[in-house]
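*Asks:*
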């Protein structure tokens, strides 16, 4: 009886297949034949717009967000996938790889349909489009009652989704299945041995932890570099060619007119903004008003800017240099170019907070060039000198640590002998400043005397209401050298965020043998140099490997298979398919609908199991 049932069941399956093939024989004829264009042309071969639209709809059928699809550029992805399908089919001819009618029928009867994506987008985009890793979707081709293949249900699905006739769809899927077999063949050639997998596992699971010290150029430019006119001029005299070249590049910033100015900036702090926009603005305004009170009492604009300003110019006493139009925010610039030399502005509100500016000089023509050259010389000199000092400091501390000192002691010895440069005040700084809205020098003598008392009172370390922070010193500078500890990282990690080469520190660390070891040289940073020292070392355990072996080997194989496929398709493009042309009209993404929903959804049935 069981034998008879098996024979009877097999006969039914064969009968279904025969009916399926007969119904889809070429003489059936396509529903669409007119109006086809080439979506992609490769070496004279045409990939039709019919195939393009079918692939586009199959790729998008599980996405309800048309705007997301548009952002992905899925029309171009569709066209590039079809281009790569053509390449794989052409190479299949060379290798003699084909798909029989029975094999194709079995796929379609099961509801399995294949699509193509560019090889380098399969993993990322395929996941986003809810595609299986083999780039297949399942259509519901079964009768809802009998749960068996239903030809009418099948035809309804393919016509609704792909807008193709059964004959066209069969031809379309034959090409897709051949491309799928080529992908499988390429991937199957990839092997991952256990030793190779374990070595990679060890590299990724072994970790290192570093102790390190940054020597930041900003620390040296703010505090250590001698910025006296004598030092700057000496550098300019010996580097005239470099200075002339820099000036030629900057000339347009200064001529025909520029304005020498200082700024006092108070920004809304994040913790203040959390209380609401108005509360944040009110807090910032209160702080800058406190700073303005210090100006009224006689403190120089530069001194107040150093302690109360949040701007990057604070360390320079708010000095902006000689400013031309187009370099400042519009509200600040508009005010600056209304002012006269010696004026101090009222409060200027911007998106970030509040500003007070002081116009010290209006320079034109030859005077503007003189100031521009001086500023170019100063900037270049400080850049060179801070670079030199940071490099020398890093090498000095590295040498001391290599000589037997701990990294902490080596740094402490260096910092103990470090001397800050004396700030050089301009005459305008010493003379004090006018209150906002008044000319400089208009203060009564009593107010200036009171200001001197206030300045003297600050020696006990107490800050005025207008202070944002204490003046920068070696002890409180935000970029001062300190010993830091990295988080654990593997060989491809980035233990020091601002390293010029993000993986250099990790690579060097994995060459060190034991905790306490140091490399032979310093590590270059975006803003200076770092000394690193190995602090901790952990290795992947056999227990970890035994637990993760199967998963890790499988993941590594999948990654290598993906790389192999990408490389193979790239070679095909360079040899047989370099001449490719896309129909740009088909690649244009549709515009969003007025309600933002994009194109209307396709009338789809649920996928099968």
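Residue numbers (this note's numbering): 1 to 609.
Glycine residues also receive a C-beta, built at the ideal position from the N, C-alpha and C atoms.
(1) Quick check: the region 227-243 against the region 375-383, are at least 3 beta-carbon pairs closer than 8 Å?
(2) CB-CB under 6 Å to residue 280, same chain, minus the five flanking residues each way: which ones, in chain order?
(3) Have a look at 210, 585, 488 and flag the residue whose alpha-carbon is nearest the alpha-carbon of residue 204.
(4) Taking residue 479 as the reference, give the member of 131, 502, 216 with the closest Cα.
(5) Do residue 112 and residue 612 have their beta-carbon atoms positioned less than 8 Å apart in this structure?
(6) Let me confirm a value: residue 311 is counted as buried when at least 16 other C-beta atoms fall within 10 Å, else exposed. Which label applies?
(7) CB-CB under 6 Å to residue 404, same chain, minus the five flanking residues each way: which ones, in chain order?
(8) If you draw a straight line from the alpha carbon of residue 109 to that of residue 155, how long is it in whole angstroms?
(9) Return the residue from the list 413, 118, 79 that minimises the CA-CA distance to residue 568.
(10) Would you call the CB atoms of residue 519 and residue 536 closer than 8 Å?
(11) Given a cut-off of 8 Å on the beta-carbon distance, is the pair residue 317 and residue 305 in contact?
(12) Could you give the distance in angstroms between the alpha-carbon of residue 172 and the alpha-carbon of residue 574?
(13) Helix or strand or just coil, what does DSSP make of residue 290?
(14) Counting pairs of Cβ atoms below 8 Å between the region 124-132 and the region 178-185, do you hit three or more?
(15) To the nearest angstrom, how far is it from the Cα of residue 522 to the Cα of residue 491?
(16) Count Cβ pairs between the region 133-147 and the region 40-52 that sit closer than 8 Å; are there 3 or more?
(17) Is DSSP giving residue 45 helix, strand or coil here?
(18) Is there contact here, the region 553-560 with the region 186-205, by at least three beta-carbon pairs under 8 Å?
(19) Can you tell me which of the three DSSP states residue 477 falls into?
(20) Nearest-angstrom Cα distance between residue 328 and residue 262?
(21) How about residue 482 and residue 207: are their beta carbons less than 8 Å apart?
(22) Please classify residue 58: does DSSP put it in a helix, a strand, or coil?
(23) Can at least three beta-carbon pairs, one atom from the region 525-532 and one from the region 209-223, be found at a separation below 8 Å?
(24) Quick one: is residue 95 buried, meaning 16 or more other Cβ sit within 10 Å of its Cβ, or exposed?
(25) Using only the alpha-carbon positions, how far apart do residue 254 and residue 562 sit?
(26) Under the three-state reduction of DSSP, which class applies to residue 318: helix, strand or coil?
(27) Give the straight-line distance between the Cα atoms of residue 74 and residue 588, rounded to the nearest whole angstrom.
(28) Kindly list the residues whose CB is nearer than 8 Å to the CB of residue 501, restricted to its own chain and excluding five residues on each side of it in sequence; keep chain order.
(29) Do you know how far the Cα of residue 168 is from the Cα of residue 146?
(30) Compare the beta carbon distance of residue 353 and residue 265 with 8 Å and say whether it is the shorter of the two.
(31) Can you tell me which residues form a DSSP beta bridge with residue 586?
(32) Taking the alpha helix (DSSP H) that residue 170 belongs to, which residues open and close that run?
(33) Taking buried to mean at least 16 other C-beta atoms within 10 Å of its own C-beta, is residue 613 buried or exposed?
(34) Which residue comes first and which comes last in the beta strand (DSSP E) that contains residue 567?
(35) In terms of DSSP beta bridges, what is residue 529 paired with?
(36) Measure from the alpha carbon of residue 114 to the alpha carbon of each residue in 152, 59, 320, then state which is nearest.
*Replies:* Taking the geometry as given:
(1) Enough Cβ pairs lie closer than 8 Å, so yes.
(2) Excluding positions up to five away in sequence, the list reads 268, 272, 273.
(3) Among 210, 585, 488, the Cα nearest to that of residue 204 is on 488.
(4) Per the Cα distances, 216.
(5) Any answer about residue 612 is impossible in this case: the structure gives the chain only from 1 up to 609.
(6) Buried, since its Cβ has 16 or more Cβ neighbours within 10 Å.
(7) Non-local beta-carbon contacts of residue 404 in its own chain, meaning distances under 6 Å to residues more than five positions away in sequence, are absent.
(8) Their Cα atoms are separated by approximately 11 Å.
(9) Measuring from the Cα of residue 568, the nearest candidate turns out to be 118.
(10) Remark: C-beta atoms of residue 519 and residue 536 do not approach each other more closely than 8 Å.
(11) Between residue 317 and residue 305, the C-beta gap is smaller than 8 Å, which places the two residues in contact.
(12) Each residue's alpha carbon lies about 25 Å from the other.
(13) Here DSSP, grouped into helix, strand and coil, assigns residue 290 to helix.
(14) By the Cβ test, the region 124-132 is not in contact with the region 178-185, since fewer than three Cβ pairs between them sit closer than 8 Å.
(15) Their Cα atoms are separated by approximately 18 Å.
(16) Verdict: no, contact absent.
(17) Correct three-state label for residue 45: strand.
(18) They touch, by the three-pair rule.
(19) Coil at residue 477, not helix or strand.
(20) Taking the straight line joining both Cα atoms gives about 12 Å.
(21) No, these two residues do not count as a Cβ contact at 8 Å.
(22) Reduced to three states, the DSSP call for residue 58 is helix.
(23) Yes, the region 525-532 is in contact with the region 209-223.
(24) By the 10 Å Cβ count, residue 95 comes out exposed.
(25) In a straight line, the C-alpha of residue 254 is about 55 Å away from that of residue 562.
(26) Residue 318: coil per DSSP, three-state reduction.
(27) C-alpha separation (whole angstroms): 10 Å.
(28) Within the same chain, residue 501 has close Cβ partners 524.
(29) Straight-line Cα distance between these residues: approximately 28 Å.
(30) Less than 8 Å separates the beta-carbon of residue 353 from that of residue 265.
(31) In DSSP, residue 586 forms no bridge with anything.
(32) Segment 166-188, the alpha helix (DSSP H) holding residue 170.
(33) There is simply no residue 613 to check, as the chain begins at 1 and stops at 609 in what is shown.
(34) Counting along the chain, no beta strand (DSSP E) covers residue 567; the unbroken alpha helix (DSSP H) around it starts and ends at 542-575.
(35) Per DSSP, the beta-bridge partners of residue 529 are 215, 524.
(36) It is 59 whose Cα lies nearest to the Cα of residue 114.
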